[in-house]
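2 protein chains.
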Amino acid sequence: MKKGFHSQLNSRGYRLTQQRQAILNELRQADHHLTAREIYTAVRRYLPQISLGTVYRNLDVLEQLVLIKKFEHRGLFRYDADIQDHYHLFCQYCDRIEDIPKSQLGDLESHFNWETDFQISHYQLDFHGSCVACQKNRADQERA
Amino acid sequence: MKKGFHSQLNSRGYRLTQQRQAILNELRQADHHLTAREIYTAVRRYLPQISLGTVYRNLDVLEQLVLIKKFEHRGLFRYDADIQDHYHLFCQYCDRIEDIPKSQLGDLESHFNWETDFQISHYQLDFHGSCVACQKNRADQERA
DNA sequence: CTCATTATTAGTAATCATTCCTATCATTGG
DNA sequence: CCAATGATAGGAATGATTACTAATAATGAG
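So the protein sequences, as listed, match chains X and B. In this text, residue positions in the first sequence follow this note's numbering: the first is 79, and each later residue adds one. In this text, residue positions in the second sequence follow this note's numbering: the first is 79, and each later residue adds one.
#1: Given this structure, state the Cα-to-Cα distance separating glutamine 97 of chain X from isoleucine 117 of chain B, to the nearest angstrom.
#2: By the 8 Å beta-carbon criterion, what residues does the region 194–205 of chain B contribute toward chain X?
#3: Is there a C-beta anywhere in chain B that falls below 8 Å from the one on histidine 189 of chain X?
#4: Just by C-beta distance, which residues in the region 152–170 of chain B are closer than 9 Å to chain X?
#5: Mind checking if glutamine 213 of chain X is an interface residue toward chain B, Cβ cutoff 8 Å exclusive?
#6: DSSP state of histidine 110 of chain B, grouped into three classes?
#7: Give the secondary structure of glutamine 162 of chain B by DSSP, where H, G and I count as helix, E and B as strand, and everything else as coil.
#8: Take arginine 156 of chain B and list the residues in its own chain whose beta-carbon comes closer than 7 Å to its own, dropping the five residues that flank it on each side.
#9: Can you grab the Cα-Cα spacing for the pair isoleucine 161 of chain X / histidine 200 of chain B, in whole Å?
#10: For the region 170–182 of chain X, which residues have a CB atom closer than 8 Å to at least one CB atom of chain B, in sequence order?
#11: Roughly how many angstroms separate the alpha carbons of histidine 90 of chain B and arginine 123 of chain X, rounded to a whole number?
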């Protein structure tokens, strides 16, 4: 039985607020990985008074609760409501970011066979390259 | 035959300057992965007039020439003079970053067996966890 | 339901990394 | 040695993120 957002907040001493709810909703419905400012802009359609500070503070809270994940790309943070293990494909020509479910990657962990005193809690694997649209654009430019 | 720094710059239309040289030297001698500001502070011991803008500009040039690598961590960029393929271990309690040579990781690529139209040029694998010092500190705090 | 407690908010100011701008300087090829 | 032009110093501008504070609102107890 999965605990709801409300009780999940309460049991940690957090309160349920419209702002908090709206930020999480926005992130869950988003078709790409949003920045704090993008979330701010989006949520203002419903809560015109919300402030950017509130967005940042709540993203921290949601991250604490492991309801969202945070990662950095090109100098800024982006947030992801998909907390399942997965990887990212970053296009180096545009801002597109695609997801790869972990299941498509085969068993990587079994190959992490080093000796280290570091205690590893998680790892992150990012791929960089060119998305289909940019491959096409560049091919067109070659020709011209 | 490996081309020297000087001719490597010239053949691309870049010039060899003291600042450029000093920045690369500093990075090659560093015992950890420096930020632009750390490099700025270090190089100022020899070139007190150097400006932060020059450091940033030259780091970009050196990255273009693939003499250094750039990566982001906790919202800021760090630079690495080791351009061999390797991975990083980030301690989540302190700022320590350790390197893992790629050879210690076994053959990962053979397990990247997905279907994708993305054209992948490189990937980055980061590990997060606790360094030995922080493991000890935390154990001590438990006891207290 | 009402009230007091206290987390949360809006709004703004402050920080800080990074980038941009421009007049001056320095390296290089000829 | 000299002109062409890349590079620099210094400072201003930008933009993301964080910090601060008085006012607001969610919560739980009664």
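For each residue, glycine too, the CB sits at the ideal point set by N, CA and C. Keep in mind that this is a model prediction, so the values were computed, not measured.
This is what the structure gives:
#1: Counting from one through the first sequence, the residue named residue 97 of chain X turns up at place 19. Counting from one through the second sequence, the residue named residue 117 of chain B turns up at place 39. If you take the alpha carbons of glutamine 97 of chain X and isoleucine 117 of chain B, they lie about 41 Å apart.
#2: Taking 8 Å as the Cβ-Cβ cut-off against chain X, the residues of the region 194–205 of chain B that qualify are Thr194, Asp195, Phe196, Gln197, Ile198, Ser199, His200, Tyr201, Gln202, Leu203, Asp204 and Phe205.
#3: Taking the first residue of the first sequence as position 1, residue 189 of chain X is located at position 111. Interface annotation, histidine 189 of chain X: in contact with chain B, CB-CB separation under 8 Å.
#4: Against chain X - using a Cβ distance shorter than 9 Å - the residues of the region 152–170 of chain B are Arg152, Gly153, Leu154, Phe155, Tyr165, Leu167, Cys169 and Gln170.
#5: In the first sequence, counting from the first residue as 1, residue 213 of chain X sits at position 135. Yes, its Cβ sits closer than 8 Å to a Cβ of chain B.
#6: By one-based count along the second sequence, residue 110 of chain B stands at place 32. Coil at histidine 110 of chain B, not helix or strand.
#7: On the second sequence, position 84 is the one that residue 162 of chain B refers to. Reduced to three states, the DSSP call for glutamine 162 of chain B is coil.
#8: Walking along the second sequence from the start, residue 156 of chain B turns up at place 78. Around arginine 156 of chain B: His111, Leu112, Thr113 and Phe149.
#9: For the purposes of this step, residue 161 of chain X is identified with residue 83 of the first sequence, where counting begins at 1. For the purposes of this step, residue 200 of chain B is identified with residue 122 of the second sequence, where counting begins at 1. For the pair isoleucine 161 of chain X and histidine 200 of chain B, the Cα-to-Cα distance works out to about 24 Å.
#10: Listed in sequence order: Gln170, Glu176, Ile178 and Gln182.
#11: Counted from its first residue, the second sequence places residue 90 of chain B at position 12. Counted from its first residue, the first sequence places residue 123 of chain X at position 45. Note that residue 90 of chain B corresponds to arginine in the displayed sequence, not to histidine. Near 50 Å, if we compare the C-alpha coordinates of arginine 123 of chain X and arginine 90 of chain B.
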